[in-house]
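Visitor: Here the protein sequences come in this chain order: A and B.
Our numbering puts the first residue of the first sequence at 1132, with every later residue one more than the last.
Our numbering puts the first residue of the second sequence at -3, with every later residue one more than the last.
Yeah, the Cβ is synthetic: ideal placement off N, Cα and C, and Gly gets one too.
All values reported here derive from a predicted model rather than from experimental measurement.
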Amino acid sequence: MIVTFFATLCIAAAVFLAASTYNYVEFYRAVEKFDAKLQNVKVAVDENNVKVNITFEMQNPTNYVGMSLREWSYALILEIGNEEIDLSHNSISYYSEPITITPQWTRNFEYNDNLRATQQSTSRFLELYESYRDKQVSWNLKVQVILITFMGTMYILMSSPLTSEL
Amino acid sequence: MLGWSIITSFIILNAVYHKFLEPMTINEVALVFAASVLTGIVLADPETIIFAYIGSLAITTLILYASLTLPASLIAITHPTLRAALMEGAIGIVTRIVLIVVVVPCLIGSVLGGMIGERMRIR
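And the structure:
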């Protein structure tokens, strides 16, 4: 009887070991493939105010289980010629309740930012706005996420370019 | 011998996969010890136990190292910190765990289990 119990225990341990090792391998893929994609940027200029609407998506395209999102921040950069204007930035924390990242996790984010001309980057943008209006410009969304993993806290930096009409 | 190694590896790796850099708790050491006692009861022969112990130690080390470095063989890891944590971390973790959690508890547990096993057979 004890031999049967031992044999059953061995088989169960082998199955669970294979499953947890697969998940462990998926962790490295998850960190490599974790992604942020800028989907749309809308800019509306109203006298001296600039309204920016950003939509982007964050995703974990793997089957890893065991990671959560504690904080993320973004910076929206407008690239005109050799110039880079840091137009909008924001930071969101989920310290009390981190977001659990499930397998094949995808989440869409939409943010509105009201920029005032008193800011240096906004005033520079307003200077260039008329000459680039309705023209194709390059955006770059730089995202930093803070993930809670079994290895501790991990920082991942991502960048997502997009070309759209201003 | 292989079964013993699989159970020991499962207990250890299950803990490592949940808290990579933290030391093993007394619960995990107790589970490894209990598995060794059970193996000792099943084997119930001092010579076989010593032979199985040496073999199990080698196989457990192999399973632990192979499992922990498996991502490096399967995935092209470009993240430098992650790669360093994986390669250097695996060697450190396996050495530390084998010395602290496997060597002594497995030996004492299997010898104790062997004694229990012999008594059970006599009766």
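1) Spell out the partners DSSP gives A/Leu1246 in its beta bridges.
2) Output, in chain order, the set of chain B residues within a Cβ distance shorter than 7 Å of A/Phe1281.
3) Using DSSP bridges, identify the partner residues of A/His1220.
4) Just curious, the alpha helix (DSSP H) that A/Gly1197 is in, first and last residue?
5) Check each candidate in A/Tyr1226, A/Ser1151, A/Ser1219, A/Asn1154 and name the one with the smallest Cα separation from A/Ala1248.
6) Keeping to the same chain, check which residues put their C-beta closer than 8 Å to that of B/Thr65; ignore five residues upstream and five downstream.
7) Using DSSP with H/G/I as helix, E/B as strand and the rest coil, what is A/Thr1193?
8) Closer than 8 Å: is that where the CB of A/Phe1256 sits relative to any heavy atom of the ligand FAD?
9) Tell me whether B/Val100 is buried or exposed, calling it buried when 16 or more other Cβ atoms sit within 10 Å of its Cβ.
10) From A/Ser1291 to B/Met20, what distance separates their C-alpha atoms?
11) Closer than 9 Å, CB to CB, is B/Leu58 near chain A or not?
12) May I ask you to report which of helix, strand or coil DSSP gives B/Leu39?
13) Please say whether A/Trp1236 and A/Gln1170 have beta carbons closer to each other than 9 Å?
14) Once DSSP output is grouped into helix, strand and coil, what is the label at A/Ser1295?
15) Do we get a CB-CB distance below 9 Å when we pair B/Val28 with the residues of chain A?
16) For A/Asn1239, which residues of its own chain have a beta-carbon under 6 Å away from its beta-carbon, when the five flanking residues on both sides are left out?
17) Mind reading off the beta-carbon distance from A/Asn1184 to A/Lys1173? Whole number of angstroms is fine, and I expect it under 8 Å.
18) Closest to A/Ala1175 by C-alpha separation, out of A/Arg1160, A/Asn1245, A/Tyr1195, would be which residue?
19) Tell me whether B/Ala72 sits in a helix, a strand or coil according to DSSP, three-state version.
20) Using a Cβ cut-off of 7 Å, pull out every chain B residue sitting near A/Leu1218, in sequence order please.
Guide: Concretely, from the data shown:
1) Here A/Leu1246 is bridged, per DSSP, to A/Val1181.
2) For A/Phe1281, the chain B residues whose C-beta falls within less than 7 Å of its own C-beta are Tyr13, His14, Lys15, Phe16, listed in chain order.
3) As a beta-bridge residue in DSSP terms, A/His1220 pairs with A/Ala1206.
4) Looking at the DSSP string, A/Gly1197 is not in any alpha helix (DSSP H), and its letter there is neither H nor E.
5) The residue with the shortest Cα to Cα distance from A/Ala1248 is A/Ser1219.
6) Beyond the five residues adjoining it in sequence on each side, B/Thr65 comes within less than 8 Å, by CB distance, of Leu82, Met83, Ala86 in the same chain, given in chain order.
7) Shown here, A/Thr1193 sits in coil according to DSSP, grouped into three states, outside any helix or strand.
8) The ligand FAD is not part of the structure shown, which contains no ligands of any sort.
9) Counting C-beta atoms within 10 angstroms of its own C-beta, B/Val100 has fewer than 16 neighbours from the protein chains shown and is therefore classed as exposed.
10) Approximately 40 Å, taken between the alpha carbons.
11) By this cut-off, B/Leu58 is not an interface position.
12) Reduced to three states, the DSSP call for B/Leu39 is helix.
13) Going by C-beta atoms, A/Gln1170 is not nearer than 9 Å to A/Trp1236.
14) DSSP, read as helix, strand or coil, puts A/Ser1295 in strand.
15) Interface with chain A (9 Å Cβ-Cβ cutoff): B/Val28 is excluded.
16) Once the five neighbours on either side are set aside, the close Cβ partners of A/Asn1239 are Glu1188.
17) Cβ atoms of A/Asn1184 and A/Lys1173 come within 8 Å of each other, at about 4 Å.
18) When C-alpha distances from A/Ala1175 are compared across A/Arg1160, A/Asn1245, A/Tyr1195, the shortest belongs to A/Asn1245.
19) Three-state DSSP puts B/Ala72 in coil, outside helix and strand.
20) When 7 Å is used as the limit between beta carbons, A/Leu1218 is near no residue of chain B, the shortest such separation being about 29 Å.
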